[in-house]
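In our numbering, the protein residues as written are 2 to 744. Ideal Cβ placement from N, Cα and C applies to all residues, glycine included. All of these numbers come straight from a predicted model, not from anything done at the bench. Structure first, then comments.
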């Protein structure tokens with residue numbers, strides 16, 4: 002998977018251009034302490050920025066301004082000559098510390114110098130991280146967290162936490178990585194920064210993927226991808242890349258890789274070009290073209306080196322080793338794998354070291370270099386267990402490997418002794434025969450005892466595994482039975498077909514309504530609700546709760562219960578007032594978990610999510626033949642005389658939202674034959690078709706227009722058929738609910 006750091010340090014100025022520096026910039030750097038620079042030309046736009054910053058540094062009367070300009074110049078040079086950045090940041094740091102030591106400093110001045118000090122440390126850490134100097138970067142970013150917190154700059158606190166989490170992930174400390182990632186995500190959600198929320202979700206998904214938890218990884222990736230598609234951000238390429246490896250079938254993987262490649266092609270930076278050719282190589286490998294893949298991965302190297310991304314260079318060496326193996330060039334494969342191993346060890350990345358060690362182990366076995374193979378396998382196990390934290394599995398596998406290698410050494414020694422006996426047979430045939438027979442019997446005896454002991458150990462292990470499997474099976478059955486019982490409870494809460502037929506009535510022996518309800522799992526986060534008041538009003542809704550499966554089902558039951566309380570017990574029948582009341586009740590019901598989530602020391606397992614729901618709610622006054630509609634994200638479709646009218650919902654959920662506003666109420670005069678459709682986004686977002694694309698809102702509108710004149714029962718059959726035909730072998734991604742009513 003691809004890590005998405007996010008452009009968190011592009012904050013001081015906005016600049017663009019080609020690599021290189023001018024003679025004026027060389028003079029400036031010599032003036033500041035002989036900072037080494039390149040010698041390529043700088044373009045006029047870049048020269049103007051440098052001249053402006055140089056002038057400000059030389060003419061500023063205040064240390065705060067001068068310190069800020071050092072940081073600005075260093076930031077600008079980050080994309081031109083990275084080795085000049087740290088000396089410039091050190092000047093800003095020294096100037097800030099000198100002023101912060103003054104006792105009479107005003108609060109505003111103190112805050113300004115702390116901000117400069119934190120920013121300079123952040124950029125220094127970015128340089129160290131890019132060069133693979135993880136420990137230096139880690140110390141600086143941890144210092145940044147403390148500095149930004151003292152001035153209450155929570156945006157930068159979250160950015161620094163995200164980077165600390167990224168480093169801990171690369172170092173194999175998964176608990177700390179998740180702790181920092183989730184703390185940063187919580188802050189970003191509180192602030193409401195969608196772009197950086199998507200970055201956090203992407204990085205957390207990467208950690209879960211490496212831990213083998215594909216369910217959590219896919220869930221976080223889909224949330225990140227949904228945000229990036231909505232805001233059309235360039236990071237969508239990384240999301241497509243990561244999604245590609247969540248599928249077991251080759252076609253889906255290639256489909257997402259091609260989407261990622263298309264987006265990488267738009268990025269003309271060294272990193273972007275490297276990602277483009279790397280993705281091309283992956284596609285060649287999936288299509289069984291190792292020769293073409295080898296060429297693509299070779300093309301990648303200069304771009305990643307130019308971007309000074311040591312971990313990506315190491316990863317690329319490993320891919321070249323794999324291609325060389327496929328092309329039956331073991332010596333070249335060994336050389337590339339060894340280069341990958343050296344980089345992984347030098348920058349302290351366990352995952353990179355693990356993969357390279359495993360490849361070297363297989364190559365050494367193939368070459369019958371058992372001693373080196375053993376060393377590489379032990380390194381592989383050590384790195385794997387440092388990531389996965391499976392001490393028991395590590396001990397078992399190492400014992401198994403030790404047995405296999407001891408067995409090979411015994412057989413090798415026996416062969417050597419046999420050759421020696423054959424050589425000496427001419428001199429003392431009889432004595433050597435007796436000796437060889439005795440030695441052979443002794444060897445067989447020793448080996449038999451050894452095998453017997455191993456058999457006893459293996460048998461005990463099998464017994465333990467069998468007992469554990471039985472326990473797991475029993476727990477799985479208990480969980481499955483509980484979920485099935487929850488399904489019965491949820492089905493009992495939902496309006497029955499009989500009650501809906503009585504309320505909405507029938508026409509020509511056909512119902513005036515239908516409900517398409519297809520949960521993704523046994524229980525559903527989508528639900529539908531209906532109530533007929535004593536005042537001749539019918540109220541119904543289709544809702545989509547946060548999540549699906551058991552968590553979503555809990556939310557759906559809460560939603561149903563609160564709607565009953567608001568409408569039936571309190572007697573509220575104005576559509577917007579119902580949603581306002583529902584939002585307040587949801588927030589109160591979930592207030593305890595939010596408080597727990599806000600603790601600074603919350604564990605990674607306590608995920609900070611915006612619990613709530615999207616909903617479309619209708620109030621039909623049959624006496625006046627009017628309809629009130631209010632919605633949270635989900636719209637209402639009305640088909641009249643062959644024309645589809647869309648009534649949009651408020652762009653806010655039923656739940657916590659920073660820019661919270663009262664919900665709108667739209668009143669519609671109805672006519673006989675009008676057909677109304679409320680729905681969740683499950684059908685619209687379902688992947689399928691010949692190219693694995695979403696069903697889309699456009700296709701849903703076309704389907705409604707084609708079927709709206711048919712009886713409601715036949716419309717339900719059409720939707721089932723359209724969904725099954727579209728989905729085919731693709732996994733159902735979300736719960737699906739469509740509620741249709743004919744007036």
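In this structure, DSSP gives residue 657 a state outside helix and strand, which the three-state scheme calls coil. Contact between the segment 333–345 and the segment 111–131 is absent, with fewer than three C-beta pairs closer than 8 Å.
Going by beta carbons, residue 298 and residue 328 fall outside the 8 Å limit. Judged by their CB atoms, residue 679 and residue 617 are nearer to each other than the 8 Å cut-off. By a beta-carbon distance limit of 8 Å, residue 68 contacts residue 117. Their separation comes to about 5 Å. Shortest Cα-Cα distance from residue 727 to any of 98, 657, 701, 742 involves 701.
When DSSP states are grouped into helix, strand and coil, residue 189 belongs to the helix group. Around the CB of residue 77, 16 or more other CB atoms lie within 10 Å, so the residue is classed as buried. Take residue 112, set aside five residues on each side of it, and the residues of its chain with a beta-carbon closer than 7 Å to its own are 152, in chain order.
Per DSSP, residue 696 lies in no alpha helix (DSSP H) segment and is marked neither H nor E.
Counting C-beta pairs with one atom in each stretch, the segment 725–740 and the segment 541–553 have three or more that are closer than 8 Å, which means they touch. With 16 or more other Cβ atoms from the protein chains shown falling within 10 Å of its own Cβ, residue 742 counts as buried. For residue 253, the enclosing alpha helix (DSSP H) starts and ends at 251–265. For a cut-off of 8 Å, the C-beta gap from residue 304 to residue 271 is around 5 Å, short enough to register as a contact. Residue 495 carries a coil assignment under DSSP once its states are collapsed to helix, strand and coil. Residue 621 and residue 629 have their C-alpha atoms spaced approximately 7 Å apart. As DSSP reads the structure, residue 538 sits in a beta bridge with 622. With fewer than 16 other Cβ atoms from the protein chains shown falling within 10 Å of its own Cβ, residue 109 counts as exposed. At a Cβ-Cβ threshold of 8 Å, residue 344 and residue 333 do not count as neighbours. For residue 716, the CB contacts under 8 Å within the same chain, skipping 5 residues up- and downstream, are 515, 708, 709, 741 in chain order. Relative to residue 655, the option among 718, 692, 560 whose CA is nearest is 560. The segment 482–500 makes contact with the segment 524–534: 3 or more CB pairs, one atom from each, lie closer than 8 Å. Distances from the CA of residue 526 to each of 543, 296, 626 were compared; the closest alpha carbon is that of 543. Assigned with DSSP and collapsed to three states, residue 348 falls in helix. The beta carbon of residue 192 sits closer than 7 Å to those of 155, 156, all from its chain and outside the five residues before and after it, given in chain order. Shown here, residue 368 sits in coil according to DSSP, grouped into three states, outside any helix or strand.
By the neighbour-count definition (other C-beta atoms within 10 Å, threshold 16), residue 311 is a buried residue. Under the DSSP assignment, residue 87 falls outside any beta strand (DSSP E), being part of the alpha helix (DSSP H) whose first and last residues are 86–101.
In the structure shown, residue 279 falls within a helical segment according to DSSP collapsed to helix, strand and coil. DSSP places residue 229 outside any beta strand (DSSP E); the residue lies instead in the alpha helix (DSSP H), whose first and last residues are 215–232.
For residue 212, the closest C-alpha among the options 176, 201, 188, 238 is that of 176. Taking 4 residues as the shortest admissible run, the segment 279–348 contains the following complete alpha helix (DSSP H) segments, listed from N- to C-terminal end: 291–307, 311–327, 331–348. With 16 or more neighbouring CB atoms inside 10 Å of its own CB, residue 85 falls in the buried class. Put simply, the backbone Cα of residue 455 is about 11 Å away from that of residue 462.
C-alpha of residue 615 to C-alpha of residue 137: approximately 45 Å in a straight line. Residue 625 sits exposed, since fewer than 16 C-beta atoms from the chains shown fall within 10 Å of its C-beta.
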